[in-house]
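Position in the sequence shown counted from 1, then plus 1, gives you the numbering used here.
For each residue, glycine too, the CB sits at the ideal point set by N, CA and C.
These numbers were taken from a predicted model, which means no experiment stands behind them.
See structure below.
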Amino acid sequence: MATSTPTSGDGAAHDAPAETRRRRYRVHHLARAKESGERITMLTAYDAMSAAIFDAAGIDLLLVGDSIGNTMHGHTTTLPVTVDDMIPAARAVAGAAPHSLVVVDLPFGSYEAGPEQALGTAVRFMKETGAAAVKLEGGRRCAAQIRAITDAGIPVVGHLGFTPQSEHALGGHRVQGRGDEAAEALWADALAVQEAGAVAVVLEMVPVDVAARATETLRIPTIGIGAGPRTDGQVLVWTDMAGMTEWTPRFARRFAELGAALREAAQEYASEVRAGTFPDAAHSFER
């Protein structure tokens with residue numbers, strides 16, 4: 002397994018055969034992927050176990066998203082998530098993923114006050130988690146925050162379109178960038194994020210043609226979620242991707258049904274415990 006293989010400083014395995022060696026994914030690989038047309042893969046991760054699995058599967062970027070509030074903490078929005086919630090999760094993911102580039106969300110309330118607050122949060126994440134980059138929502142209104150963070154040597158991923166931290170202002174989970182005026186505003190935001198120094202930008206729930214123009218125009222990669230196939234990469238919340246939830250957004254494909262399998266395993270376990278058939282001799286010890 003990838004997490005148990007000794008690695009060099011750049012993430013390459015010392016003793017692994019050449020064909021199995023894998024370097025740590027870094028910021029310059031994002032730029033190289035954009036230039037070459039290589040598709041970028043990204044999934045969320047919130048703990049060491051899922052991070053190790055996705056890292057071993059070859060996922061390029063792991064996002065410790067503030068979606069942890071919905072998926073792991075039982076909130077209905079991302080708004081209650083705090084910096085103190087994010088740090089243990091990011092530390093666990095970064096520690097378990099020797100190859101993927103780990104990005105951590107700046108949660109609501111940790112960067113909106115201005116560049117100084119944003120930089121302080123980003124520095125704390127870098128010092129306390131081992132993550133390689135941060136992500137924040139917003140375009141022109143957050144350009145100064147992005148610039149302050151990047152000027153300090155911390156890579157930033159932008160996030161445009163539907164921005165969950167602003168869902169009340171946006172009127173709920175609604176597609177963004179529809180209509181000429183809205184599309185022009187989104188493109189202007191994308192350019193502002195790029196010029197502020199972001200290394201990539203997530204486009205969430207925007208029309209295909211809007212995402213395609215952003216992808217063609219920007220020098221940095223676009224990573225879509227509900228933005229169609231014409232972006233430089235894709236990201237999904239892993240619990241949606243793996244079929245762990247009862248409801249899945251229209252833009253998310255269920256690549257497995259792990260939720261149903263886990264439920265069946267728990268039911269079988271409970272049944273055997275109640276029947277007295279587990280544990281049996283094979284799972285017991287003798288003097």
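query, result
"Glutamine 268 in three-state terms, based on DSSP", "helix"
"Cβ neighbour criterion (16 or more within 10 Å) applied to valine 158", "buried"
"Contact between the segment 238-251 and the segment 44-51 (3+ Cβ pairs under 8 Å)", "yes"
"Beta-carbon proximity list for alanine 134, same chain, < 8 Å, skipping 5 on both sides", "Val28, Leu102, Val103, Val104, Val105, Ile155, Pro156, Val157, Val158, Val200"
"The segment 135-146 touching the segment 188-204, judged by at least three CB pairs closer than 8 Å", "yes"
"Short Cβ contact (8 Å threshold) for serine 68 with threonine 77", "no"
"Through-space distance from aspartate 85 to proline 280, alpha-carbon basis", "40 Å"
"According to DSSP, residues forming a beta bridge with lysine 128", "Answer is none; lysine 128 lacks a bridge partner."
"Methionine 309, buried or exposed, once every other Cβ within 10 Å from all chains shown has been counted against 16", "Not covered by the structure: residue 309. The range shown for the chain is 2 to 288."
"Secondary structure, beta strand (DSSP E): runs of 3+ residues fully inside the segment 185-244", "201-205, 223-226, 234-237"
"Validate contact between the segment 209-227 and the segment 248-256 using beta carbons, cut 8 Å, 3 pairs", "yes"
"Where threonine 72 falls: helix, strand or coil (DSSP)", "helix"
"Contact check, glutamate 1 vs phenylalanine 163, beta carbons under 8 Å", "The chain is shown from 2 up to 288; residue 1 falls before or after that span and cannot be answered."
"Option nearest glycine 121 by Cα separation, candidates Gly75, Pro99, Thr151", "Thr151"
"Proximity winner among Pro116, Gly75, Lys128, Phe55, relative to proline 89 (alpha-carbon distances)", "Lys128"
"8 Å Cβ cutoff, leucine 237 in contact with chain D", "No chain D appears in the structure shown, which is made up of a single protein chain."
"Whether glutamate 182 touches histidine 174 by CB criterion (8 Å)", "no"
"Beta-carbon spacing of proline 108, threonine 72 below 8 Å", "no"
"Extent of the continuous alpha helix (DSSP H) to which valine 84 belongs", "84-97"
"Status (buried if at least 16 other CB within 10 Å, exposed otherwise) for phenylalanine 55", "buried"
"Inter-residue Cα distance where the pair is histidine 100 and glycine 172", "38 Å"
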